[in-house]
Amino acid sequence: MNFSGHSSFQEVLQTARTQVQEYLNRADETIVAVARSAPDGVSERMMKLIQRKGKKVRSTVLALIATAGKELPEVDRVAQACAGIELLHLASLVHDDIIDETTLRRGERTAHVEWGNKVAVLMGDYILSQAMRAVIHEKEREIPLELSSAANRLIVGEICELDSTGDVNISLERYNRIIEGKTAALIEASARIGAFIAGFSKDDVEKFGKIGSHFGIAFQIIDDLLDYGVGASNLDKAKFTDISNGLTTLPLILYLQHEPENNKQAMQELLTRTAEAGVPEEICRRLQKSSTFDKTKEMAMQHIMDASEISDSLPKNEHIETLKAFLLSMAERGN
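First residue of the sequence shown? That's 1 in the UniProt record's numbering, and the numbers climb one at a time after it.
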């Protein structure tokens, strides 16, 4: 499979999905079966949630790597793992939307808006339990451990982020600790689980894990930019959500670290008034003028290139080539 230097994220993602479509389709069937077999009051709500189709980045990464070994694995085995990853991701989104008071997700009203906070929390809990159940019979015992570890790291990352809400002096180290948990952990787990299924060596499993971690960190940094509308196309959520929720993401961290004191003080004053009309746009304008968005993009690119370099040391085949193209295209994703 040849990719041009101008292949978009969506084009590469579509190619990747096509290569592992059988596994993704079976994972979808597995998730639907889980929803249909749920008790009354849960089943119909879960069906509504799973009908809101996402990009399936995590399960695509898992399936690409799982099928990159010497022999193709059983379809059901990959599908169960993909279902576990996607269910864990869905549970995290339900809970995130409650925490962030988000009203729209993928163009639809969020669970807590639709059913109230109490039901939404319990729906997230139920889906989380089903994620763990999806891999409970996996013969490679590292796989359920990877999934549960990712869930733990995700929760700790969220708590760390909540503890940092409103802190405009958050350090780069703390920011990295947050996103390594809340975003990178699940993509890292997807990569490692795929490598375990494919039968790669312990050293290669570690390499895939590092690729997943770099991928996840870059993914979140690009999300930070998209929240300001930088490079955005067809966003399915409102802009300026992060600053409205008191979250200091990478663009602001870099601005406050490198700008002169008078600019920093002016920005900090603006950050106390983010609910006022026009203030988020003014914050965005100042970040743009300072080249902070360019610096942020450069940091995402460094993680992408680090992951790409690691991928060069792995066995060569079509699916690894697609994974690398996937990485390289991510800096240009628009949603």
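Here a beta-carbon is modelled for each residue, glycine too, at the ideal position from N, C-alpha and C.
Does residue i come out as helix, strand or coil in the three-state DSSP assignment?
| i | result |
| --- | --- |
| E108 | strand |
| S4 | Its pLDDT being 49, under 50, S4 is placed unreliably in this model, and the coordinates cannot settle the point. |
| S311 | helix |
| E11 | helix |
| residue 409 | Absent from the structure is residue 409, since the part of the chain shown begins at 1 and ends at 335. |
| L72 | coil |
| G54 | coil |
| R285 | helix |
| R45 | helix |
| V135 | coil |
| S290 | coil |
| D167 | coil |
| A277 | coil |
| V61 | helix |
| P39 | coil |
| K316 | coil |
| N335 | coil |
| E140 | coil |
| T67 | coil |
| V20 | coil |
| E101 | coil |
| G116 | coil |
I'd like to check one pair, residue j with residue i: are the Cβ atoms closer than 7 Å?
| i | j | result |
| --- | --- | --- |
| G124 | G157 | no |
| I179 | I136 | no |
| I253 | Y126 | no |
| V78 | A66 | yes |
| D224 | L250 | yes |
| G84 | L154 | no |
| S311 | K297 | no |
| L64 | H319 | yes |
| A300 | A331 | yes |
| A27 | C82 | yes |
| I143 | F200 | no |
| H112 | I99 | no |
| F215 | I187 | yes |
| E101 | R52 | no |
| residue 336 | A91 | In the structure as shown, the chain starts at 1 and stops at 335, and residue 336 therefore has no counterpart that could be examined. |
Could you give the C-beta distance for residue i and residue j, rounded to a whole number, given that I count them as a contact under 8 Å?
| i | j | result |
| --- | --- | --- |
| G212 | V61 | 7 Å |
| A185 | A150 | 5 Å |
| E86 | R105 | The pair is not a contact, with the Cβ atoms about 15 Å apart (cut-off 8 Å). |
| I222 | P280 | No, I222 and P280 are not in contact; Cβ-Cβ is about 19 Å, not under 8 Å. |
| T183 | G246 | 18 Å between Cβ atoms; not a contact. |
| T322 | Q19 | 6 Å |
| T248 | V121 | About 26 Å separates the two Cβ atoms, so there is no contact after all. |
| A198 | A68 | 6 Å |
| S7 | S329 | 6 Å |
| A35 | M47 | 5 Å |
For residue i and chain C, any beta-carbon pair shorter than 7 Å?
| i | result |
| --- | --- |
| A27 | Absent from the structure: chain C. Only one protein chain is present. |
- Query: Mind pulling the alpha helix (DSSP H) runs of 4 or more residues that sit fully within the segment 179-260?
  - Reply: Taking only runs of at least 4 residues, the alpha helix (DSSP H) segments lying wholly in the segment 179-260 are 185-198, 202-226, 241-244 and 250-258.
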